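Structure record follows, encoded as structure tokens.
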Amino acid sequence: MGIRRRGHFSRARNVGAWIAALTLSVGAMTVGVGTASAIPEYTEPNLVTTLRCDSPNPLPGPRIPIHVDVFNQIPFPADGLPGPAISLIGSHRAQPAPLLDYTVETRVTWRNLSTGRTGSVTVPTRARMVTWQVDLHPGRGPVAFTIRQKIGLMAFTPMVNAQYSSCSGRASA
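In terms of this note's numbering, the sequence shown opens at residue 76 and continues consecutively.
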């Protein structure tokens, strides 16, 4: 009668099974590996035009030159709402006010010329320079808009010596 050595063969089978499983899992990982990205494909917004929307200065001195950059084809606007959108970014490209902040209330009214849809957006801002950003969501098509600015100084109360200006433009969403 012979002695059966089951333990020896069992250990060899276990090692073989372990090597096979390791080989299969490594193979599956290398085949299944692809590129993943949490950031969606983003196209740069299109600069349509730059408008001049100068305003009287609430401080003694010359008018405030305000440049408004008009962008369209924005899939992910700054306000977090879904695109498409038109973005208007107004900025005063000069030195900041020496002591006082500007308080700015910007109101943009718009009309989609193909659908007749209308709307308005009001944005308050307080800064050392005149700067603001408005995102419009008019739907697809040509859009006419009017920008109305109210610019004052922050001197214990907002909007001291408020000055008014307006300008208009067009863009397609």
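Note that the Cβ used here is the ideal one computed from N, Cα and C, for glycine as well. These numbers were taken from a predicted model, which means no experiment stands behind them.
Between the CA atoms of residue j and residue i - distance to the nearest angstrom
i      : j      : result
Thr193 : Val209 : 15 angstroms
Leu228 : Arg182 : 18 angstroms
Ala246 : Asp176 : 31 angstroms
Thr200 : Ile139 : 16 angstroms
Val196 : Ser166 : 17 angstroms
Gly244 : Ile164 : 13 angstroms
Pro152 : Ala248 : 12 angstroms
Gly191 : Leu174 : 45 angstroms
Gln170 : Ala237 : 20 angstroms
Ala219 : Val145 : 12 angstroms
Ser130 : Pro137 : 9 angstroms
Among the options, nearest to residue i - alpha-carbon criterion
i      : options                           : result
Thr124 : Thr200, Ala153, Gln224 and Ser162 : Ser162
Arg168 : Pro199, Ile149 and Cys128         : Cys128
Thr178 : Phe231, Cys242 and Ser241         : Phe231
Pro135 : Val235, Ala246, Ser247 and Gly244 : Val235
Asn132 : Arg245, Ala246, Asn187 and Gln224 : Gln224
Ala160 : Glu119, Ile149 and Asn121         : Ile149
Ala202 : Phe146, Ile226 and Leu126         : Ile226
Asn147 : Pro120, Gln238 and Ala153         : Pro120
Leu211 : Gly155, Met204 and Tyr239         : Gly155
Arg215 : Val196, Arg186, Ile164 and Val205 : Arg186
Pro213 : Pro137, Thr184 and Trp207         : Thr184
Trp207 : Ala219, Leu174 and Glu180         : Glu180
Where residue i sits in the DSSP three-state scheme
i      : result
Ile164 : strand
Ile149 : coil
One or two residues paired with residue i in a DSSP bridge
i      : result
Pro230 : The residue you asked about is not Pro; residue 230 is Ala in the sequence shown. Paired residues: Thr232.
Ala219 : Arg186 and Arg245
Glu180 : Pro199 and Lys225
Leu134 : Answer by DSSP bridge pairing: none, since Leu134 is not bridged.
Arg127 : His142
Gln238 : Ile226
Whole-angstrom C-beta distance between residue j and residue i, which should lie under 8 angstroms
i      : j      : result
Pro157 : Ser189 : Not really, about 19 angstroms apart at Cβ, beyond 8 angstroms.
Thr221 : Ser241 : 6 angstroms
Leu122 : Val143 : Not confirmed; about 11 angstroms, so no contact.
Val205 : Ile141 : 6 angstroms
Check: residue i C-beta below 7 angstroms from any heavy atom of the ligand ADP
i      : result
Ala246 : The model on display carries no ligand, and the ligand ADP is accordingly not part of it.
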